Amino acid sequence: MVASNGSFDTAKSFRLGYVTDVEGNIDYFVRYVERSKVLTIRKYDNKLLVLDFNDDTTYFVYGGDAVDKGPGDIRLVRSLVDLKRRYPHRVYLLVGNRDLNKLRLTAELSDSDMARPLSDIPPPHWDPKAPSLWEYLEHKRQTLRERGQTTSLENLNTRVNRLKYLLEHTLGCPKTFEYRRQELALLHDVQSSSISDENVVESFLREVEHPEGSLRQYLECANVAVIIGNTLFCHGAVDKNTMKFVPRDDTKFENPPCKPAPGAIIDSVHEWVEALNQYLKRGLEDYQRRPHFNDDRTSRGGESLMALQNRPAMWGRSIISNCYGDGGCITTENAARIRNDPERVSMEDINPLVFEKVSSDPFDSSVSEWLRKDGIRRVVVGHKPTGDCPAVLSAVYTGVEIVSADTSFADTDANDNRGRAISVVEIIGTSMTDNQLEMRGILRDGSEYLSRFTRLHSDGTDETAGDVQLGRKLQDEYWVKASTTNSTYWLTRGRGRKVEYKHVSIATLQQSSQENVLRE
């Protein structure tokens, strides 16, 4: 049954909530839950956030990247793990790159690694522009000398400085060290000045190493991917490189000298997802058995998972870090040019670094056909920011709706890069396999939006339910991203990190849709 507003009559029906890439911004997460029709807050204070469901029929998926960009890493992760443990068959947590890459810390801050000569420690293999640890410490020494403080590299070579280096230059989160200090102060009812640098280091290690550590428990509860009805969830992208591919358990966290053979190629989508989740489980068991480097530093436990979230190590086949999105849109002509550049493509068999900065093609029919044959009508991901509300490719193009929902850079003028923007993603319908995407929230300019996309079901796409304009590309490279409660469409276009927005009245766009909408 279709209601007059174009949505399902959802009495006694299916509803699933989704959010991703909160990255320790617990204030944002609380704002999300306050608008959610799936979750509610049972208790919240400085030390504890307890979540629950609004009713006994709903589901929730957290899309990965729970930590790093706010002073709420520990509390957010604990709340997600607690909810998962209470509702193991209704809550699903996914691993993101920011969750998996913390496994590195155990070995790289160990006593044996601290004893290594600085000259033996290379810069991150995936970023030729990043400094080495020696260069980082030498720059720090020079800065101190300019201030009249003389010291040696040996004195600067501490666990504290190594962790700061790792966070800033290899993990992309230079503020995280101080965020953790703030959170520890809240949790222990003390001033931030009472939390020492060593306390911060110990916290990072404990949360990933200890059986009661929040991040370790999160990883043990999580999946690489999950299928719920007609929807597949993962952190990064399902594209021509990641589809069917399962890595080898002995994959190294490095730039491989040649393209590694797969551990398996699996044609069934459901069996492929299960194989990836078993890969995660085995990798965590390996980490727990041997969290440090072996004697000749050729291997360490959990290395396969560090590789899983690293595009060069996967030779461009990372379901965690491959991504859709460019310029706030699900894709752009600029993204296509980069992806299809002949010189870049010619290097794909010899240089794993050429996969960095490439956005996946949501229009790829080989991927959509593979997904559809196993009943998948929607893919929902995070990882790459796509503006102030999720970027969507309408299912009218390929039969598969692509939803990229990382809004962590909704407003880069705001202190937290989010500002007043908030995004609530839910899937609603009569069942897990007959439903539509609903997005609502606040845009960066303060406008409220409520968007219901076309209905997806076992026989295909029903354009009579939902707004057929949403998730479509216009001739001027704008995408129809959301519909506001003020009867306007929110349009977006961009390139790289540059994003343009504008409002167009719904009546105007609908009137001219035959001329402006491109079916690709």
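UniProt numbering applies: residue 1 is where the sequence shown begins, and numbers increase by one. Think of the CB as a built atom: it goes at the ideal place given N, C-alpha and C, for glycine as much as any other residue. On a predicted model such as this, the values are computed, not experimentally measured, just so you know.
May I have the straight-line CA-CA distance separating residue i from residue j, to the nearest angstrom?
i, j, result
"Asp-9", "Ile-428", "Low per-residue confidence applies at Asp-9: pLDDT is 42, beneath 50, and the placement is therefore not dependable, though the value from the model is reported in the following sentence. Their backbone Cα atoms lie some 10 Å apart in a straight line."
"Val-2", "Asp-467", "For Val-2, the predicted structure reports a pLDDT of 28, less than 50, and the residue's modelled location is therefore unreliable. The matter cannot be settled from this model."
"Met-243", "Leu-93", "21 Å"
"Asp-189", "Gln-142", "37 Å"
"His-139", "Lys-164", "13 Å"
"Asp-476", "Ala-395", "21 Å"
"Ser-36", "Val-424", "7 Å"
"Leu-118", "Ser-368", "48 Å"
"Val-269", "Leu-371", "7 Å"
"Leu-112", "Ala-185", "Per the sequence shown, residue 112 should be read as Ser rather than Leu. For Ser-112 and Ala-185, the distance between alpha carbons rounds to 30 Å."
"Glu-348", "Asp-341", "11 Å"
"Lys-12", "Ala-107", "Only weak support exists for where Lys-12 lies, its pLDDT of 47 falling under 50; the coordinates are left without a value."
"Val-208", "Gly-283", "14 Å"
"Arg-311", "Thr-508", "43 Å"
"Asn-223", "Gln-511", "45 Å"
"Ser-463", "Gly-399", "It should be noted that the sequence gives Glu, not Ser, for residue 463. For Glu-463 and Gly-399, the distance between alpha carbons rounds to 12 Å."
"Leu-308", "Arg-147", "43 Å"
"Gln-217", "Ser-346", "42 Å"
"Thr-461", "Glu-426", "18 Å"
"Thr-170", "Pro-256", "18 Å"
"Arg-495", "Gln-191", "43 Å"
"Thr-433", "Arg-90", "16 Å"
"Asp-52", "Arg-75", "15 Å"
"Ile-265", "Asp-249", "14 Å"
"Arg-162", "Trp-315", "28 Å"
"Asp-120", "Asn-155", "18 Å"
"Arg-104", "His-457", "42 Å"
"Ser-4", "Trp-490", "Annotation note: pLDDT 27 at Ser-4 (below 50); position unreliable, coordinate value reported separately. Distance between the alpha carbons of Ser-4 and Trp-490 is about 22 Å."
"Cys-221", "Glu-271", "19 Å"
"Pro-352", "Lys-259", "8 Å"
"Ser-404", "Thr-492", "14 Å"
"Leu-137", "Leu-166", "12 Å"
"Ala-237", "Ser-194", "43 Å"
"Phe-204", "Leu-133", "19 Å"
"Ile-227", "Phe-233", "6 Å"
"Pro-124", "Lys-384", "20 Å"
"His-235", "Ile-319", "7 Å"
"residue 543", "Glu-343", "This structure cannot speak to residue 543, because the chain is shown only from 1 to 520."
"Ala-115", "Val-33", "46 Å"
"Lys-84", "Trp-479", "36 Å"
"Arg-444", "Arg-497", "16 Å"
"Leu-474", "Tyr-449", "20 Å"
Based on the DSSP output, what are the partners of residue i in its beta bridges?
i, result
"Trp-126", "According to DSSP, Trp-126 bridges with nothing at all."
"Gln-436", "Ile-428"
"Ser-483", "Tyr-489"
"Phe-245", "Ile-265"
"Ala-507", "None; Ala-507 has no bridge partner."
"Asn-223", "Leu-94"
"Val-381", "Ser-404"
"Phe-233", "Val-226 and Val-380"
"Ile-442", "Ile-422 and Glu-448"
"residue 522", "Nothing can be reported for residue 522, as the shown portion of the chain is limited to 1 through 520."
"Tyr-59", "Leu-16"
"Glu-500", "Arg-493"
Under 8 Å by Cβ, that's how I've got residue i and residue j pegged, so tell me the actual separation to the nearest angstrom.
i, j, result
"Ser-304", "Pro-247", "7 Å"
"Val-95", "Leu-280", "7 Å"
"Asp-73", "Arg-206", "In fact, because the Cβ distance is near 12 Å, the residues do not count as touching under 8 Å."
"Val-358", "Arg-337", "Wrong, their Cβ atoms sit about 11 Å apart, outside the cutoff."
"Glu-168", "Pro-71", "Not quite, the Cβ-Cβ distance comes to about 17 Å (not below 8 Å), so this is no contact."
"Tyr-28", "Arg-418", "6 Å"
"Thr-454", "Gln-436", "6 Å"
"Asp-364", "Lys-240", "6 Å"
"Phe-253", "Ala-335", "No, Phe-253 and Ala-335 are not in contact; Cβ-Cβ is about 27 Å, not under 8 Å."
"Gly-302", "Asp-286", "6 Å"
Sorry if obvious, but does the Cβ on residue i come closer than 7 Å to a heavy atom of the ligand ADP?
i, result
"Lys-502", "Among the ligands in the structure shown, none appear at all, so the ligand ADP cannot be discussed."
Would you check if there are 3 or more beta carbon pairs closer than 8 Å linking the stretch 285-304 to the stretch 326-334?
no
Quick check on the DSSP output: what are the complete beta strand (DSSP E) runs of length 3 or more inside the stretch 389-416, in order along the chain?
391-393 and 401-404
For the stretch 13-21 against the stretch 54-64, are there 3 or more C-beta pairs whose distance is under 8 Å?
yes
Runs of alpha helix (DSSP H) lying entirely within the stretch 289-372, each at least 4 residues, in chain order
303-308, 333-340 and 342-346
Segment contact flag, the stretch 167-183 with the stretch 191-205, C-beta cutoff 8 Å, min 3 pairs:
yes
Just to confirm the assignment: which complete beta strand (DSSP E) runs, minimum length 3, are found wholly within the stretch 20-57?
39-44 and 49-53
Just checking, does the stretch 481-493 make contact with the stretch 438-452 on the three C-beta pairs under 8 Å criterion?
yes
Can you check the stretch 79-144 for any alpha helix (DSSP H) of at least 4 residues that lies completely inside it and give the ranges in chain order?
97-100, 104-108 and 111-114
Would you be able to state if there are at least three C-beta pairs under 8 Å between the stretch 380-389 and the stretch 402-418?
yes
Any contact of the stretch 147-160 with the stretch 40-48, i.e. 3+ C-beta pairs under 8 Å?
no
Output the residue ranges of the alpha helix (DSSP H) runs that lie fully inside the stretch 177-223 and measure 4 residues or longer, sorted by chain position.
197-209 and 214-221
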